[in-house]
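*Asks:* Submitted below is the structure of interest, expressed as structure tokens.
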DNA sequence: TTAAGTGTTGCTCT
DNA sequence: AAGAGCAACACTTA
């Protein structure tokens, strides 16, 4: 699930339901996912503090408490954030939850436990320390930033898009979608893209991610929540190109499955 | 029952 | 030195 659009929705959920609320308790159901602090220390530090703000950079969500640092949440392969009403029973896989004074809870779920929640002092310092590139949807990530990120790189353009140290927020599924919309063959060398291709790529990064957020679509296969013309619903064996009807082909890159249309995304020179 | 899977890290090899 | 490939992480679903 969680690529940039998913985490953006988690951020909005936190903003809409929890900002300004007093944290009555922290329920750490799985201490293994908590980094940088012990459950007891986190409870001491965050109890009776107010949740001040939610921020996002790439795939990371930051929840900031008043004068008590921030929690940096990584959702891994299939983590999520859920708001639970006072009387609502906790679903499976809740690993950590903020229990507010009004009885509602904000729960961090992570079935596979790939991912973590880390207490940090400052989001910007964390971004710098992790070496994260500019957030794909931020104004700071402009066309010049894209060309700089791809400069002299010979690796496949899909791998470059997914490299969080160059651009933060794009994962396997949205990388495929962006390259489909930009009509670029995913295994093209990054430094082999001409000006026109890079312009299309930049436009596709912004429009695909923004569209996904606007449609409230995660990267799950939710056909009815994505506009027509998206590749994502056809991202499986037997899929058909939404543009030309050709059979969608699959490939492997770095152990991950990718999908593309051989008609709309032809190999350079082939 | 087996395989595949939305992310990241660390290791090895070229 | 960049970059490719792979395993590991833990667990669900097809």
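In this note's numbering, the protein residues as written are 1004 to 1273. We treat Cβ as the ideally placed atom computed from N, Cα and C, and that holds for glycine.
Using a Cβ-Cβ cutoff of less than 6 angstroms, which residues in the same chain neighbour residue 1258 once the five nearest sequence positions on both sides are dropped?
*Replies:* As a first step, residue 1258 must be located in the first chain, where it is residue number 255. If we look at residue 1258 and ignore the five residues flanking it on each side, it has no Cβ neighbours.
*Asks:* So, is residue 1113 buried or exposed, given that buried needs 16 or more other C-beta atoms within 10 angstroms?
*Replies:* Taking the first residue of the first chain as 1, we reach residue 1113 at position 110. Classification of residue 1113: buried, given that the 10 Å Cβ count is 16 or more.
*Asks:* Could you give the distance in angstroms between the alpha-carbon of residue 1144 and the alpha-carbon of residue 1019?
*Replies:* On the first chain, residue 1144 is found 141 positions in, with the first residue counted as 1. On the first chain, residue 1019 is found 16 positions in, with the first residue counted as 1. If I take the Cα positions, the gap works out to 26 angstroms.
*Asks:* Taking the beta carbon of residue 1199 as the centre, do at least 16 other beta carbons fall within 10 Å, making it buried, or is it exposed?
*Replies:* One-based indexing of the first chain puts residue 1199 at position 196. Classification of residue 1199: exposed, given that the 10 Å Cβ count is below 16.
*Asks:* Rounding to the nearest angstrom, what Cα-Cα distance links residue 1151 and residue 1207 in this structure?
*Replies:* Taking the first chain and counting its residues from 1, the one referred to as residue 1151 is at position 148. Taking the first chain and counting its residues from 1, the one referred to as residue 1207 is at position 204. Roughly 17 angstroms between the two C-alpha positions.
*Asks:* Measuring from the CB of residue 1182, is there a heavy atom of the ligand SAM at a distance below 6 angstroms?
*Replies:* With respect to small molecules bound, the structure shown includes none, and the ligand SAM cannot be examined in it.
*Asks:* Under 8 angstroms, with one C-beta from each stretch per pair, do the segment 1057-1075 and the segment 1162-1176 reach the 3-pair mark?
*Replies:* Result yes; three or more Cβ-Cβ pairs closer than 8 angstroms.
*Asks:* What residue range is occupied by the uninterrupted alpha helix (DSSP H) comprising residue 1217?
*Replies:* Numbered from 1 along the first chain, position 214 holds the residue referred to as residue 1217. 1198-1217 is the span of the alpha helix (DSSP H), which, as asked, contains residue 1217.
*Asks:* Tell me which residues share the same chain as residue 1115 and place their Cβ nearer than 7 angstroms to its Cβ, disregarding the 5 neighbours each side in the sequence.
*Replies:* Within the first chain, residue 1115 is the residue found at index 112, counting from 1. The residues are 1079, 1080 and 1081.
*Asks:* Closer than 7 angstroms by C-beta to residue 1229: which residues in its own chain qualify, once you throw out the five before and the five after it? Chain order, please.
*Replies:* The count along the first chain starts at 1 and reaches residue 1229 at position 226. Result list for residue 1229: 1218, 1220, 1235 and 1236, in chain order.
*Asks:* Per DSSP, residue 1053 forms a beta bridge with which residues?
*Replies:* Locating residue 1053 in the first chain gives position 50, counting from the first residue. DSSP output for residue 1053 lists 1025 as bridge partner(s).
*Asks:* Tell me which residues share the same chain as residue 1052 and place their Cβ nearer than 8 angstroms to its Cβ, disregarding the 5 neighbours each side in the sequence.
*Replies:* By 1-based counting over the first chain, the position of residue 1052 is 49. Answer for residue 1052: 1025, 1026, 1068, 1069, 1070 and 1071, listed in chain order.
*Asks:* Quick one: measure Cβ to Cβ for residue 1261 and residue 1161, integer angstroms, because I've assumed they're closer than 8 angstroms.
*Replies:* On the first chain, position 258 is the one that residue 1261 refers to. On the first chain, position 158 is the one that residue 1161 refers to. Right, the Cβ-Cβ distance comes to about 6 angstroms (below 8 angstroms), so this counts as a contact.
*Asks:* Considering only the alpha carbon of each residue, which of 1118, 1030, 1195 and 1041 lies closest to residue 1158?
*Replies:* Taking the first chain and counting its residues from 1, the one referred to as residue 1158 is at position 155. Ranking the options by Cα distance to residue 1158, first place goes to 1195.
*Asks:* Using a 10 Å radius around the Cβ and a threshold of 16 neighbouring Cβ atoms, would you call residue 1089 buried or exposed?
*Replies:* What you label residue 1089 is simply residue 86 of the first chain in a count that begins at 1. Counting Cβ neighbours within 10 Å, residue 1089 comes out exposed, since fewer than 16 surround it.
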